[in-house]
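Residues 372 to 476 in my numbering are what the sequence shown lists, from first letter to last. Glycine included, each C-beta is placed from N, C-alpha and C at the ideal position.
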Amino acid sequence: MKRTALRTLTAVTALVFVSGCDLGGDPVARGAALAKEKGCVACHGAEGVSLAPSFPNLAGQWPRYLRVQLVKYQTGERQNAIMNAQAAGLTRAEIADLAAFYAAQ
372 MKRTALRTLT AVTALVFVSG CDLGGDPVAR GAALAKEKGC VACHGAEGVS LAPSFPNLAG
432 QWPRYLRVQL VKYQTGERQN AIMNAQAAGL TRAEIADLAA FYAAQ
């Protein structure tokens, strides 16, 4: 029974990520605009290279890793006062676009 529940959860999670993504247009360009609009560049830099050693570099990270981490900040599974607040209002499509942008750097 536990395997079935895990498979269902995995399938639902995958659907949420896919359904939240706008497949039209350029996600990297949308992500670049969002990074500026949402203030990501203040800590993570315009190209994902952090401005201070206490902030992680995001350039070149795997998009899936970035998406998962942002969702963890949204749900509170991962704790950071700044990032929990930053991620709280993001949609799944915005998360996907930000991840695409930073992964492409």
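{"query": "Which of the three DSSP states, helix, strand or coil, is assigned to Val420?", "result": "coil"}
{"query": "Report the CB separation of Thr441 from Leu461 in whole angstroms; it is logged as a contact under 8 Å.", "result": "As written in the sequence, residue 441 is Leu, which differs from the Thr given in the question. The pair is a contact, with the Cβ atoms about 6 Å apart (cut-off 8 Å)."}
{"query": "Are the beta-carbon atoms of Tyr444 and Ala459 separated by less than 9 Å?", "result": "yes"}
{"query": "Return the first residue and the last residue of the alpha helix (DSSP H) that Thr446 is part of.", "result": "434-446"}
{"query": "Kindly list the residues whose CB is nearer than 7 Å to the CB of Met454, restricted to its own chain and excluding five residues on each side of it in sequence; keep chain order.", "result": "Tyr444"}
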